[in-house]
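J.: Sending over a structure as structure tokens; questions will come in a sec.
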DNA sequence: CCCTTTCTCAACCCAACGGTTGACAAAGAG
DNA sequence: CTCTTTGTCAACCGTTGGGTTGAGAAAGGG
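Chains as they are written, first to last, in the numbering used here: chain A, 60 to 186; chain B, 60 to 186.
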């Protein structure tokens with residue numbers, strides 16, 4: 060379970076680069092060779108090869124062989140890992156927001172917003 | 060529209076660090092001060108301050124003032140940006156997969172898988 | 001066999017990153 | 001005003017990351 064953390068780091072880190080996100084977008088349309096992927100960019104083939112290695116180690120992509128060519132394939136399953144992480148905390152934050160709204164509505168100006176802010180912080184530290 | 064790209068890079072990059080993801084998780088439970096956030100980690104307060112700056116510049120977090128304290132608040136909206144990007148290509152990849160399955164089913168062994176792989180690649184390059 | 005195509009590995013460069021320490025700003029408390 | 005608390009800024013340091021070039025592996029074509 061703990062290793063997942065490192066996996067997430069790799070995935071987020073891989074997608075932090077615009078070129079690599081671009082390649083993922085390209086690969087979503089279909090498999091491609093290294094040269095095909097390199098074509099749109101003004102960098103060496105070696106640089107593209109490195110990018111692909113990063114994507115592969117993040118589990119976003121897999122490579123096979125077809126004569127000299129190395130077709131690259133997008134493995135979309137990893138996206139689930141990210142989506143789950145994101146959704147978890149987004150929902151948590153939203154629920155908290157709704158709770159806060161409810162409290163504020165109940166108070167209806169009986170206390171200052173600063174008091175509520177303080178209460179919120181303590182609640183967070185306890186939970 | 061183009062600026063969004065850089066924004067995504069910042070967000071993904073910010074979340075590529077396990078400590079920062081941890082802080083986001085903590086903040087999903089409620090606002091917290093810098094010291095409170097620093098407590099669980101074996102690093103200087105300055106390091107934590109730097110992490111928070113990264114999260115802030117990514118738009119994941121905002122900071123206000125309460126006497127000497129600087130309460131940190133999670134801005135969950137940015138998550139939508141990520142989710143949208145991810146979902147877009149995940150769906151695209153899945154649809155492509157289903158199309159491929161359909162084609163393979165129609166062929167029912169009339170052609171070799173290699174031919175289909177080739178067809179796939181050309182289709183991708185054209186689209 | 002040699003030549004071309006496709007791609008990777010290795011070494012290097014420089015900018016960015018995460019960490020440190022030291023100084024100091026901001027805001028109460030005495 | 002002085003002292004403490006809370007946090008940031010600045011300078012520095014070792015590591016990582018994206019880029020380069022050069023060499024060469026892998027697989028077919030002549």
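Where a beta carbon is used, it is the ideal one built from N, C-alpha and C, also for glycine.
1) Output needed for residue 111 of chain B: all residues of its chain with C-beta closer than 8 Å, excluding positions within five of it in sequence on either side, in chain order.
2) Under the rule that 16 or more other beta-carbon atoms within 10 Å means buried, what is residue 196 of chain B, buried or exposed?
3) Helix, strand or coil, according to DSSP, for residue 123 of chain B in the structure here?
4) Nearest-angstrom Cα distance between residue 84 of chain A and residue 106 of chain B?
5) Residue 107 of chain B lies in the alpha helix (DSSP H); which residues open and close that run?
6) Should residue 156 of chain B and residue 87 of chain A be called a contact, given that it needs their Cβ atoms to be closer than 8 Å?
7) Do residue 114 of chain B and residue 79 of chain B have their C-beta atoms closer together than 8 Å?
8) What's the C-alpha gap between residue 142 of chain B and residue 144 of chain A?
9) In this structure, how does DSSP classify residue 98 of chain B when only helix, strand and coil are distinguished?
10) Report the residue from A/68, A/125, A/75, A/109 whose alpha carbon sits nearest the alpha carbon of residue 67 of chain B.
11) Would residue 137 of chain A pass as a contact of residue 117 of chain A if the rule is Cβ separation under 8 Å?
12) Kindly indicate the opening and closing residues of the alpha helix (DSSP H) around residue 77 of chain A.
13) Mind listing the chain B neighbours of residue 116 of chain A? Cutoff is C-beta to C-beta under 7 Å, in chain order.
14) Can you tell me whether residue 90 of chain B is buried or exposed? The criterion is at least 16 other CB atoms within 10 Å of its CB, across all chains shown.
15) So if DSSP puts residue 133 of chain B in a beta bridge, which residue, or which two residues, is it bridged to?
16) Please compile the residues from chain B whose C-beta is within a distance smaller than 9 Å of the C-beta of residue 67 of chain A.
17) Kindly indicate which residue of B/140, B/125, B/126 has the alpha-carbon position closest to the one of residue 65 of chain B.
18) Under 7 Å, CB to CB, which of the residues in the region 131-145 of chain B have a partner in chain A?
19) Quick check on DSSP: helix, strand or coil for residue 70 of chain A?
20) Let's test the definition: count the other Cβ atoms within 10 Å of the Cβ of residue 108 of chain A and tell me whether it reaches 16, buried, or not, exposed.
T.: The answer reads as follows:
1) Numbered from 1 along the second chain, position 52 holds the residue referred to as residue 111 of chain B. Correct list, in chain order: 82, 93, 96, 120, 122, 131.
2) Here chain B comprises residues numbered 60 to 186, so residue 196 of chain B is not present and cannot be evaluated.
3) Translated into positions along the second chain, residue 123 of chain B becomes position 64. Residue 123 of chain B falls in the coil class under three-state DSSP.
4) Along the first chain, one-based indexing puts residue 84 of chain A at 25. Along the second chain, one-based indexing puts residue 106 of chain B at 47. So the two alpha carbons sit approximately 35 Å from each other.
5) To locate residue 107 of chain B, count along the second chain from 1; it is residue 48. Here the alpha helix (DSSP H) through residue 107 of chain B covers 104-116.
6) Here residue 156 of chain B is taken as the residue at index 97 of the second chain, counted from 1. Here residue 87 of chain A is taken as the residue at index 28 of the first chain, counted from 1. Cβ distance not < 8 Å, so residue 156 of chain B and residue 87 of chain A don't count as in contact.
7) Numbered from its first residue, the second chain carries residue 114 of chain B at position 55. Numbered from its first residue, the second chain carries residue 79 of chain B at position 20. Closer than 8 Å, so yes.
8) If you number the second chain from 1, residue 142 of chain B lands on position 83. If you number the first chain from 1, residue 144 of chain A lands on position 85. About 10 Å.
9) To locate residue 98 of chain B, count along the second chain from 1; it is residue 39. Of the three classes helix, strand and coil, the one that applies to residue 98 of chain B here is coil, per DSSP.
10) Here the question's residue 67 of chain B lines up with position 8 in the second chain. Checked all of A/68, A/125, A/75, A/109; the closest Cα to residue 67 of chain B is A/75.
11) By one-based count along the first chain, residue 137 of chain A stands at place 78. By one-based count along the first chain, residue 117 of chain A stands at place 58. Yes, Cβ-Cβ distance for residue 137 of chain A and residue 117 of chain A is below 8 Å.
12) If you number the first chain from 1, residue 77 of chain A lands on position 18. Per DSSP, residue 77 of chain A belongs to the alpha helix (DSSP H) from 77-87.
13) Along the first chain, read from residue 1 onward, the residue named residue 116 of chain A stands at position 57. Contact of residue 116 of chain A with chain B by beta-carbon distance below 7 Å is absent, the smallest such distance being about 13 Å.
14) In the second chain, residue 90 of chain B corresponds to position 31, counting from 1. By the 10 Å Cβ count, residue 90 of chain B comes out buried.
15) Within the second chain, the letter at position 74 stands for residue 133 of chain B. In the DSSP output, where bridge partners are listed per residue, residue 133 of chain B has B/120.
16) Position 8 of the first chain holds residue 67 of chain A. By Cβ distance, chain B contributes 74, 75, 77, 80.
17) On the second chain, residue 65 of chain B is found 6 positions in, with the first residue counted as 1. Cα-wise, what sits closest to residue 65 of chain B is B/140.
18) 133, 135, 138, 141, 142, 145
19) Start at 1 with the first residue of the first chain, and residue 70 of chain A comes out as number 11. Note: residue 70 of chain A maps to helix in three-state DSSP.
20) Walking along the first chain from the start, residue 108 of chain A turns up at place 49. Exposed.
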